[in-house]
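These notes are about the structure you will find just below.
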Amino acid sequence: MAIASDSRPLAAEVAYFLTRRARWSPLEIAFWLLALASIWLFPTKHLILTEICIWAMFALSLDLILGYAGIISLGHAAFFGLGAYSAGLIGKYGFIPEPVLALVVSGLIASVVGFATSFLVLRGSDLTRLMVTFGVALMLGEIANKFSNITGGADGLQGVEIGPVFGTFRFDLYGHTGYVYALSVLFLMFVIARRIVRSPFGLSLQAIKGNALRSSAVGIAVNWRLVAIYTLAAGYAGLAGAVLAQTQAFASLEMFSIERSADVLLILIIGGTGWLYGGLIGALIYRFLQDELSGLTARYWQFWIGLILVAIVLTGRDRIGRWLTPAAKLADDVAKLRSGRPQRARR
Amino acid sequence: MPVVLETRGLDKHFGGIIAANQVSLSIEKGARHALIGPNGAGKTTIVNLLTGVIKPSGGQILLDGADITHLEPHERVRLGIARTFQINQLFADLTPIETLGLAISERLGLGKDWWRIVGSKAAVTEEIIELLERFRLGDVMRERTGILPYGKQRLLEIALAIACKPRVLLLDEPAAGVPEDERHEILATVEALPKDVTVLLIEHDMDIIFSFADRISVLVNGALFVEGGPDEVARDPRVKAVYLGEAFDA
Numbered sequence: 016m017a018i019a020s021d022s023r024p025l026a027a028e029v030a031y032f033l034t035r036r037a038r039w040s041p042l043e044i045a046f047w048l049l050a051l052a053s054i055w056l057f058p059t060k061h062l063i064l065t066e067i068c069i070w071a072m073f074a075l076s077l078d079l080i081l082g083y084a085g086i087i088s089l090g091h092a093a094f095f096g097l098g099a100y101s102a103g104l105i106g107k108y109g110f111i112p113e114p115v116l117a118l119v120v121s122g123l124i125a126s127v128v129g130f131a132t133s134f135l136v137l138r139g140s141d142l143t144r145l146m147v148t149f150g151v152a153l154m155l156g157e158i159a160n161k162f163s164n165i166t167g168g169a170d171g172l173q174g175v176e177i178g179p180v181f182g183t184f185r186f187d188l189y190g191h192t193g194y195v196y197a198l199s200v201l202f203l204m205f206v207i208a209r210r211i212v213r214s215p216f217g218l219s220l221q222a223i224k225g226n227a228l229r230s231s232a233v234g235i236a237v238n239w240r241l242v243a244i245y246t247l248a249a250g251y252a253g254l255a256g257a258v259l260a261q262t263q264a265f266a267s268l269e270m271f272s273i274e275r276s277a278d279v280l281l282i283l284i285i286g287g288t289g290w291l292y293g294g295l296i297g298a299l300i301y302r303f304l305q306d307e308l309s310g311l312t313a314r315y316w317q318f319w320i321g322l323i324l325v326a327i328v329l330t331g332r333d334r335i336g337r338w339l340t341p342a343a344k345l346a347d348d349v350a351k352l353r354s355g356r357p358q359r360a361r362r
Numbered sequence: 005m006p007v008v009l010e011t012r013g014l015d016k017h018f019g020g021i022i023a024a025n026q027v028s029l030s031i032e033k034g035a036r037h038a039l040i041g042p043n044g045a046g047k048t049t050i051v052n053l054l055t056g057v058i059k060p061s062g063g064q065i066l067l068d069g070a071d072i073t074h075l076e077p078h079e080r081v082r083l084g085i086a087r088t089f090q091i092n093q094l095f096a097d098l099t100p101i102e103t104l105g106l107a108i109s110e111r112l113g114l115g116k117d118w119w120r121i122v123g124s125k126a127a128v129t130e131e132i133i134e135l136l137e138r139f140r141l142g143d144v145m146r147e148r149t150g151i152l153p154y155g156k157q158r159l160l161e162i163a164l165a166i167a168c169k170p171r172v173l174l175l176d177e178p179a180a181g182v183p184e185d186e187r188h189e190i191l192a193t194v195e196a197l198p199k200d201v202t203v204l205l206i207e208h209d210m211d212i213i214f215s216f217a218d219r220i221s222v223l224v225n226g227a228l229f230v231e232g233g234p235d236e237v238a239r240d241p242r243v244k245a246v247y248l249g250e251a252f253d254a
């Protein structure tokens with residue numbers, strides 16, 4: 016598409032191109048309105064929807080490092096578990112009675128440990144990173160196991176008491192408060208992540224993922240950028256774990272497990288990396304499949320999950336992207352009509 | 005003219021292989037300095053040492069008299085040393101707009117900004133446009149870099165280095181692999197560089213070197229061999245011998 020065909024000045028054109036993905040598309044607005052509506056549409060499903068929100072937060076966290084910075088992890092549950100135990104212990108011992116503040120503190124604790132371990136994932140190949148992240152998760156899980164007098168060890172953290180949100184909204188048995196709470200936290204986390212990946216910092220992460228050598232040759236302090244995003248992602252994973260501990264009033268060693276790290280990777284791959292919605296959609300699909308398939312074959316449902324995973328990876332995301340092109344084109348056309356802007360070339 | 009970039013007794017060994025041997029090179033401000041030599045002479049090694057991609061086994065690198073031998077690559081970029089790569093090192097998934105926007109944002113110190121949207125600053129977009137026009141990349145500015153024609157990628161490679169606003173620019177075979185009829189476009193952009201930018205050019209093509217350089221250093225087996233003005237070097241029988249592949253007895 017030639018520039019000449021466009022009446023707008025080049026400066027506006029370039030600025031528009033750079034900021035185009037920062038605008039909320041109609042499809043995105045519809046997505047979040049639907050999520051909001053689900054509070055009233057599916058009042059009996061709030062417990063499972065809460066679970067989906069938590070998986071979505073966790074996968075969103077993984078997308079920040081894997082999808083944007085190219086850091087592969089097989090131990091992301093380390094921070095999830097850490098956030099869960101932080102929130103659980105805070106609740107059990109009543110350090111901070113208000114859950115939102117307790118949540119923030121739990122996220123911070125996870126990000127501090129994320130920062131401390133980020134230096135381990137800076138160097139080395141993907142395999143090294145897989146093993147290092149896996150190892151960190153194992154160690155944290157065993158620390159929680161060892162100090163059973165505080166954490167309850169293999170029995171899990173019992174007797175967690177979570178106060179009302181903002182001192183007003185009590186967590187109820189049907190999970191209504193829990194769902195609104197989890198959805199709100201997810202939305203806030205999403206908005207912040209969305210902003211970050213479109214910032215110069217976010218662009219530099221994508222550059223590092225694409226070519227670290229050239230990134231440093233244009234003046235990017237590659238290692239510090241990776242430390243920063245790893246720290247943030249650890250905090251995000253901690254928030255996800257903390258919401259789980261708070262809504263369930265329970266934390267267990269399973270929250271550190273390799274299965275959880277693998278599941279979140281699976282969820283992100285199902286939904287697609289590097290566009291933030293992957294974790295959200297992946298969590299929906301995963302949980303839905305889990306429900307549907309376990310209805311069909313209660314014990315062997317993971318066979319089908321495995322089959323779907325193999326199919327997705329072998330088919331390649333690009334091809335799936337092409338199947339979705341008509342939908343993307345439709346969304347683009349709607350955006351064009353709405354704003355009266357000429358259609359732009361797609362990447 | 006004052007010396008901008010200088011190396012003193014620079015050594016680099018890879019195991020038993022000597023890639024740079026006591027290289028002492030002085031590049032004057034505003035120079036059009038060419039570094040030539042047969043294949044495997046260690047030219048790219050010198051660029052990698054100057055930019056910090058590899059660390060020297062011995063010796064010193066000075067920028068404006070200050071020792072930069074142990075600085076990280078990105079720190080040297082901030083001090084004004086930028087380079088291009090012999091083999092394209094670009095961001096395949098980014099567009100030229102984003103690629104240039106990235107480098108400009110970094111230079112303006114916006115790279116750590118995690119809240120403002122890329123492209124929301126007029127200073128950045130204006131400079132992107134200037135570079136797109138100067139390097140004739142406007143018609144492909146929205147395409148993924150990975151699918152651009154090779155010649156365009158080569159132009160982007162140089163534009164990206166220029167986006168760092170270097171005081172010293174190291175060009176590692178800028179026209180390598182570009183078809184004959186497209187070379188002039190690349191060379192024209194190189195020749196149009198501002199006079200106050202110091203350029204160190206690595207090249208094989210003698211026509212390019214002699215039309216461009218005002219100073220030539222010849223590197224053979226990792227060591228500086230001859231240095232002088234173009235005429236001087238052209239007349240030097242030892243250089244001829246090296247380039248004709250004759251055995252030369254040092």
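Protein sequences appear in the order of chains A and B.
For the first sequence, this note's numbering gives the first residue as 16, with consecutive numbering after it.
For the second sequence, this note's numbering gives the first residue as 5, with consecutive numbering after it.
The beta-carbon is built from N, C-alpha and C at its ideal position, and this holds for glycine as well.
Taking 7 Å as the CB-CB cut-off, is B:E177 touching chain A?
Locating residue 177 of chain B in the second sequence gives position 173, where the first residue counts as 1. No, because no Cβ of chain A sits closer than 7 Å to the Cβ of B:E177.
Counting C-beta neighbours from all protein chains within 10 Å, is the total for A:P24 16 or more, i.e. buried, or is it exposed?
One-based indexing of the first sequence puts residue 24 of chain A at position 9. Exposed, because fewer than 16 other Cβ atoms sit within 10 Å of the Cβ of A:P24.
Is the CB-CB distance between A:A197 and A:C68 below 7 Å?
For the purposes of this step, residue 197 of chain A is taken as residue 182 along the first sequence, with counting starting at 1. For the purposes of this step, residue 68 of chain A is taken as residue 53 along the first sequence, with counting starting at 1. Yes; because the gap between Cβ atoms is below 7 Å, this pair is in contact.
Would you mind sorting A:A159 into buried or exposed? The rule is 16 or more other CB atoms within 10 Å of its CB.
In the first sequence, counting from the first residue as 1, residue 159 of chain A sits at position 144. By the neighbour-count rule (16 or more Cβ atoms within 10 Å), A:A159 is buried.
Proximity test, Cβ basis, 7 Å: A:A30 and chain B:
Residue mapping note: residue 30 of chain A aligns to position 15 of the first sequence, counting from 1. For A:A30, the answer is yes, since a Cβ of chain B falls inside 7 Å of its Cβ.
For A:Y189, which residues from the same chain have a beta carbon less than 7 Å from its beta carbon, with the 5 sequence-adjacent residues on both sides left out?
Residue mapping note: residue 189 of chain A aligns to position 174 of the first sequence, counting from 1. Hits under 7 Å: H61.
Sorted by chain position, which residues of the same chain lie with C-beta nearer than 6 Å to B:L136's C-beta, five sequence neighbours on each side aside?
Position 132 of the second sequence, counting from 1, holds the residue named residue 136 of chain B. These residues qualify, in order along the chain: G142 and M145.
Name the chain B residues that come within less than 8 Å of A:T34, Cβ to Cβ?
Residue numbering aside, residue 34 of chain A sits at position 19 when the first sequence is read from its first letter. The answer, in chain order, is I121, V122, G123 and S124.
Output the boundary residues of the beta strand (DSSP E) element that contains B:I31.
On the second sequence, residue 31 of chain B is found 27 positions in, with the first residue counted as 1. S30 to E32 is the extent of the beta strand (DSSP E) around B:I31.
Could you give the distance in angstroms between the alpha-carbon of B:G150 and the alpha-carbon of B:G84?
Within the second sequence, residue 150 of chain B is the residue found at index 146, counting from 1. Within the second sequence, residue 84 of chain B is the residue found at index 80, counting from 1. Taking the straight line from one Cα to the other gives about 27 Å.
If you reduce the DSSP assignment to three classes, tell me which class B:N25 lands in.
In the second sequence, the residue the question calls residue 25 of chain B occupies position 21. DSSP places B:N25 in strand when its eight states are reduced to three.
Chain A contacts from the stretch 200 to 220 of chain B (Cβ-Cβ distance under 7 Å):
none
Is there at least one Cβ from chain B nearer than 7 Å to A:S199's Cβ?
Within the first sequence, the letter at position 184 stands for residue 199 of chain A. Not one chain B Cβ lies under 7 Å of A:S199.
Less than 6 Å separating the Cβ of B:T149 from some heavy atom of the ligand COA?
As presented, the structure is devoid of all ligands, the ligand COA included, so that no description of it is given.
On the criterion of 16 or more Cβ atoms from any shown chain inside 10 Å, does A:V206 qualify as buried, or is it exposed?
Stepping through the first sequence from its first residue, residue 206 of chain A is reached at position 191. With fewer than 16 Cβ atoms within 10 Å of its Cβ, A:V206 is classed as exposed.
Determine contact between the stretch 266 to 284 of chain A and the stretch 43 to 61 of chain A, defined as no fewer than three beta-carbon pairs at a distance below 8 Å.
no
Under 7 Å from the C-beta of B:I132: neighbouring residues of chain A:
Residue 132 of chain B sits at position 128 when you count from the first residue of the second sequence. Within 7 Å Cβ-Cβ: V29.
Pairwise C-alpha distance: A:G156 and B:T55
As a working mapping, residue 55 of chain B is identified with position 51 in the second sequence. As a working mapping, residue 156 of chain A is identified with position 141 in the first sequence. B:T55 and A:G156: Cα-Cα distance of roughly 43 Å.
Contact check, A:I284 vs A:A298, beta carbons under 7 Å:
Residue numbering aside, residue 284 of chain A sits at position 269 when the first sequence is read from its first letter. Residue numbering aside, residue 298 of chain A sits at position 283 when the first sequence is read from its first letter. Not closer than 7 Å, so no.
Put B:H74 into one of helix, strand or coil per three-state DSSP.
Stepping through the second sequence from its first residue, residue 74 of chain B is reached at position 70. The answer is coil: DSSP assigns B:H74 none of H, G, I, E or B.
Could you give the first and the last residue of the continuous beta strand (DSSP E) run that contains A:R240?
As a working note, residue 240 of chain A is residue 225 in the first sequence. Element bounds for A:R240: not the beta strand (DSSP E) but the alpha helix (DSSP H), V237 to Q263.
Rounding to the nearest angstrom, what Cα-Cα distance links A:A277 and A:L89 in this structure?
The sequence position of residue 277 of chain A within the first sequence is 262, counting from 1. The sequence position of residue 89 of chain A within the first sequence is 74, counting from 1. C-alpha separation (whole angstroms): 6 Å.
What did DSSP end up calling A:V175 once you bin it into helix, strand or coil?
Taking the first residue of the first sequence as 1, we reach residue 175 of chain A at position 160. Three-state DSSP puts A:V175 in coil, outside helix and strand.
Beta-carbon separation of A:G375 and A:G287 under 7 Å?
There is simply no residue 375 of chain A to check, as chain A begins at 16 and stops at 362 in what is shown.
Proximity winner among A:G109, A:Y31, A:R302 and A:A92, relative to A:P179 (alpha-carbon distances)
The residue you call residue 179 of chain A lines up with position 164 of the first sequence. Looking at the Cα atoms, A:G109 is the closest of the given residues.
If you measure between the beta carbons of A:S76 and A:Y251, is that distance less than 7 Å?
Sequence index remark: in the first sequence, residue 76 of chain A carries index 61 (1-based). Sequence index remark: in the first sequence, residue 251 of chain A carries index 236 (1-based). Yes. Within cutoff.
Alpha carbons only, please: which of A:L311, A:D306, A:T312 and A:I296 is nearest the one belonging to A:M72?
Here the question's residue 72 of chain A lines up with position 57 in the first sequence. Considering only alpha carbons, the answer is A:I296.
Is any beta-carbon of chain A found at less than 7 Å from that of B:V81?
One-based indexing of the second sequence puts residue 81 of chain B at position 77. Closer than 7 Å to some Cβ of chain A, the Cβ of B:V81 qualifies, so yes.
Give me the DSSP bridge partner(s) of B:A86.
The count along the second sequence starts at 1 and reaches residue 86 of chain B at position 82. Looking at the DSSP assignment, B:A86 forms a beta bridge with B:L173.
Excluding sequence positions up to five away, which residues of its chain have a Cβ less than 6 Å from the Cβ of A:G193?
Counting from 1 along the first sequence, the entry for residue 193 of chain A is found at position 178. Correct list, in chain order: T65, F186 and T262.
By Cβ distance below 8 Å, which residues in the same chain neighbour B:P60 in space, the five residues on each side in sequence not counted?
Locating residue 60 of chain B in the second sequence gives position 56, where the first residue counts as 1. Contacts found: L14, D15, K16, A24, L53 and T73.
Residues in its own chain within less than 8 Å of A:R36 by CB, not counting five upstream and five downstream?
Within the first sequence, residue 36 of chain A is the residue found at index 21, counting from 1. Closer than 8 Å at Cβ, skipping near neighbours: R213.
Tell me whether A:L322 is buried or exposed, calling it buried when 16 or more other Cβ atoms sit within 10 Å of its Cβ.
Taking the first residue of the first sequence as position 1, residue 322 of chain A is located at position 307. Label assigned to A:L322: exposed.
Give a yes or no on whether 7 Å exceeds the smallest Cβ distance from B:D68 to chain A.
Locating residue 68 of chain B in the second sequence gives position 64, where the first residue counts as 1. Not an interface residue.
A:D141 to A:T148, Cα distance in whole Å?
Locating residue 141 of chain A in the first sequence gives position 126, where the first residue counts as 1. Locating residue 148 of chain A in the first sequence gives position 133, where the first residue counts as 1. Cα-Cα distance, rounded: 10 Å.
I want to know whether the stretch 226 to 243 of chain A touches the stretch 74 to 83 of chain B - three or more CB-CB distances under 8 Å.
yes
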